[in-house]
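What the sequence shown shows, in this note's numbering, is residues 3 to 687, in sequence order.
A virtual CB, placed ideally from N, CA and C, is assigned to each residue, including glycine.
Below is one structure, written out as structure tokens; the observations come after it.
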Amino acid sequence: MQKTKIALVVSCLMGMTVLQGCNDDDDNDHDTPPPAATTLKGAQATVALLETSDLHSNILSYDYFKLAEDKSIGLERTASLIAHARKQFTNNILLDNGDTIQGSALADFQATVNPIQCNQTLAIYKIMNLLKFDGSGIGNHEFNYGLPFLNQVTNHKFDVDGVNSPASQPNCSGPQFPQVLANVYSAKTKQPLFKPYKIIDKQITATTPDGKMVTSTIKIGIIGFTPPQILNWDKRWLEGKVYTVGAKEAAEQYIPKMKAEGADIVVVISHGGLDNREYSPSMENGSYHLSKVKDVDAMLIGHSHDTFPNKDSTSAQFNIAGVDKVKGTVNGIPTVMSSFWGKVLGVIQLNVTYDGKKWVVDKTKTVVEARSTQNADKSFIEVDPSIAKAIETEHQDTIKYVKTPIGATDFNMSSYFADVGDPTAIEIVNQAQTAYVTHYVKANLPQYAQLPILSVSAPFKSGFAGGADYTDVNAGNVAINNAADLYLFPNTVYAVKVAGSDLKNWLETAAKRFNQIDPNKTTAQNLISTFPGYNFDMFTSADLSYEIDVTQAVNNRIKNLKYKGTAINPTQEFIVATNNYRASGGGNFPGLDGTKTIYAAPDANRDALISYIKNIKNMTRVNNGSHRSWTFSPVTTAGAVIFTSAQNKLAHAQAAGLNNISLYQADDGSGKGLAIYKIDLAKAN
């Protein structure tokens with residue numbers, strides 16, 4: 003009997019090769035051998051990787067700018083997809099790609115207006131804890147509020163300049179799941195700012211070759227990466243405090259360690275899209291090259307606010323060699339990108355087999371999906387009611403904040419027709435930036451006092467997400483939420499000194515917003531390209547004028563560029579007010595790489611705008627919404643030139659004096675609340 007007990011203990015100590023029959027119970031001692039143990043070799047299971055990405059603190063299906071429900075967004079709807087996936091796949095792991103803590107009025111309220119305390123959990127992390135996330139990566143926007151804030155809300159005890167030493171830092175509330183980032187290092191310690199990777203032990207259910215259900219542990223390793231451009235985009239917070247290393251190099255350094263520590267599956271969480279150009283350690287979108295690193299089993303990608311897989315996608319990054327936009331693979335690696343703001347849940351079904359020593363992924367049986375919160379009939383799935391309940395206080399506090407009145411306007415300020423010349427949502431931003439920089443230069447930079455000061459801004463909301471994705475501030479009282487609608491991002495004011503040639507190159511890049519139009523083509527042509535609206539920088543000053551000739555190729559479209567009626571000399575110098583993103587290289591505008599910055603302000607563009615509106619109090623169309631620096635070069639086209647905007651908004655174009663705009667099609671058929679409009683380029687406005 004004693005020999006029997008010893009044999010049973012030995013069987014139990016065999017670990018993962020023995021799953022059942024390991025019960026050492028004195029009451030069941032007997033002289034006959036125990037039944038044969040069920041071995042794991044050959045067992046199979048499906049493990050589902052679930053991804054959210056670019057949530058940007060959009061927890062509820064609510065637009066704080068419009069103070070209204072928006073069913074197309076919100077983690078509270080993604081939560082329902084998560085619950086369904088968990089029922090479908092017993093074996094699952096829920097991971098977030100990053101860009102999590104910034105991007106909504108709620109996020110700004112908790113970070114800058116009424117900063118949360120150490121013993122409080124950021125609202126987005128509170129909900130992610132509630133949903134039992136297993137891990138996450140770190141996006142570029144995590145750094146927007148600075149290292150002390152990020153350190154506190156993640157409870158990571160950074161050892162960097164500008165933050166108290168780790169030994170003196172209290173334990174703060176934060177995410178109850180590991181966060182990983184392998185390519186950002188502390189300049190002080192030369193060590194990763196976050197843990198570069200984490201191996202998560204997950205209990206799974208598997209089926210043995212003889213059909214029996216068994217339980218076991220699979221080790222899932224996660225490793226994270228973020229764009230190196232954080233050093234430019236958030237230079238004011240990060241300069242001299244952190245540095246980046248190449249994503250590919252970091253992956254090649256750490257993934258072998260993950261495997262050596264027993265990782266069965268290696269999951270790359272890359273906050274970047276796909277770029278198959280020659281690899282560079284400074285690549286913004288390095289995921290394509292990460293897919294080629296040895297032992298990568300799956301990739302969760304993001305940053306581009308796009309959806310993958312998507313068989314109908316026209317996005318350039320999903321139509322390059324090695325990318326299968328139908329199956330959802332990149333160089334054979336299962337890959338998913340789950341849109342933004344909670345619109346999509348990424349699902350990668352991995353079929354795994356135990357080979358006697360470890361779990362092995364069979365990529366031939368992998369299924370990759372992007373599950374939308376919008377149903378086929380254009381309705382939306384129901385919310386998880388527990389989410390709103392959990393952050394009711396934070397939600398109501400944010401609403402109170404954004405309702406604070408700051409001024410009034412006698413005209414509607416919208417971006418519905420900003421692409422074709424309406425300046426009503428742009429000019430007030432440019433005026434605020436100009437006033438801010440002018441005041442600073444006068445007081446602190448007398449060497450530049452004689453230079454003209456201009457300003458550029460862009461239509462940050464230009465329909466990317468549908469008809470509701472436009473700036474729209476009604477005539478009447480203007481509140482903080484309206485200012486946040488006019489200036490969506492928490493950028494800070496920057497001033498750059500540029501030459502006339504730089505100015506032209508800047509505008510040539512912005513003009514990539516338009517497709518090249520063939521005047522002789524008789525069929526309808528789309529005016530707007532895939533170039534992002536938030537990069538369509540424009541001036542709205544009576545002092546500056548230029549034309550955009552959309553019949554010409556890229557980089558040859560800006561005509562008749564003048565300042566106060568005189569052609570601008572290529573060597574003539576200007577100061578241009580912009581934001582930290584653009585001044586530091588965001589958008590890849592020629593010459594704008596941080597070297598031309600003469601002032602990096604500590605204040606947000608949005609705060610400068612709020613202060614400006616408070617100061618002038620009453621905005622009028624004549625003074626604050628009618629100055630347009632640019633027009634299209636007149637051209638007669640044989641066919642229609644068309645573009646999309648929100649439905650039923652033609653009156654906005656007419657009120658702005660755009661009399662060459664007409665309705666072409668009341669519904670574009672996308673189900674996103676968009677109509678098709680026509681522009682007559684032969685008519686100048």
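Residue environment, residue i, which counts as buried when at least 16 other CB atoms sit within 10 Å
| i | result |
| --- | --- |
| A677 | buried |
| D364 | exposed |
| Y679 | buried |
| Q452 | exposed |
| R279 | exposed |
| D212 | exposed |
| P177 | buried |
| H86 | exposed |
| L15 | Since pLDDT at L15 reaches only 35, below the 50 mark, its modelled position is unreliable, and the value read off the structure follows with that caveat. Burial call: exposed. |
| M415 | buried |
| M215 | exposed |
| S167 | exposed |
| P230 | buried |
| G330 | buried |
| K616 | exposed |
| A668 | exposed |
Among the options, nearest to residue i - alpha-carbon criterion
| i | options | result |
| --- | --- | --- |
| V480 | S457, Y403, Q554 and A451 | Y403 |
| F342 | P636, A467 and I84 | A467 |
| T246 | M260, Y187, R279 and N234 | Y187 |
| P461 | T426, D412 and N493 | T426 |
| F151 | I140, C120 and F491 | C120 |
| M260 | L276, G596, D299 and N234 | D299 |
| T400 | I383, N131 and Y66 | Y66 |
| S82 | G535, D386 and S175 | D386 |
| K250 | S613, G226, D236 and L292 | L292 |
| K89 | I428, P336 and L52 | L52 |
| N662 | K329, N650, A684 and S672 | A684 |
| I428 | Y496, V475 and N446 | V475 |
Beta-bridge pairing of residue i - partner residues as DSSP gives them
| i | result |
| --- | --- |
| P194 | Y187 |
| F634 | I550 |
| D1 | The question about residue 1 has no answer here: the residues shown for the chain are numbered 3 through 687. |
| W361 | Y356 |
| G587 | Paired residue(s): none; G587 is not in a bridge. |
| G348 | E53 and A372 |
| V498 | V578 and T599 |
| M215 | T209 |
| Q181 | S138 |
| Q667 | I678 |
| D326 | T331 |
| Q704 | It is not possible to answer for residue 704, since the shown part of the chain is limited to 3 through 687. |
Start and end residues, alpha helix (DSSP H) containing residue i
| i | result |
| --- | --- |
| D203 | It is not in any alpha helix (DSSP H) - D203 instead sits in the beta strand (DSSP E) that spans Y199 to T209. |
| I400 | A quick correction: the sequence has Thr, not Ile, at residue 400. Unbroken alpha helix (DSSP H) run through T400: E394 to V404. |
| E251 | A249 to A262 |
| L152 | L149 to T156 |
| V624 | R623 to N626 |
| N94 | Element bounds for N94: not the alpha helix (DSSP H) but the beta strand (DSSP E), N94 to D98. |
| Y290 | S289 to L292 |
Beta-carbon spacing of residue i, residue j below 8 Å
| i | j | result |
| --- | --- | --- |
| A513 | I550 | yes |
| V439 | I577 | yes |
| V338 | V369 | no |
| N185 | T228 | yes |
| D56 | P492 | no |
| F541 | L456 | yes |
| G100 | G141 | yes |
| K221 | A265 | yes |
| D424 | L62 | no |
| Y281 | Y199 | no |
| I485 | L611 | The amino acid occupying residue 485 in the given sequence is Ala; Ile does not appear at that position. Closer than 8 Å, so yes. |
| L2 | V443 | As displayed, the chain neither begins before 3 nor continues past 687, which places residue 2 out of reach and without an answer. |
| V458 | D539 | yes |
| D72 | F145 | no |
| A445 | Y601 | no |
Range covered by the beta strand (DSSP E) that runs through residue i
| i | result |
| --- | --- |
| D504 | First-last for D504: G502 to A512, but that is the alpha helix (DSSP H), not the beta strand (DSSP E). |
| A427 | Segment: none, A427 is in no beta strand (DSSP E) and carries neither H nor E. |
| R373 | V369 to S374 |
| P336 | I335 to S340 |
| N581 | E575 to N581 |
| Y127 | Per DSSP, Y127 belongs to no beta strand (DSSP E); it is in the alpha helix (DSSP H), A125 to L132. |
| N562 | I560 to Y565 |
| I303 | A300 to I303 |
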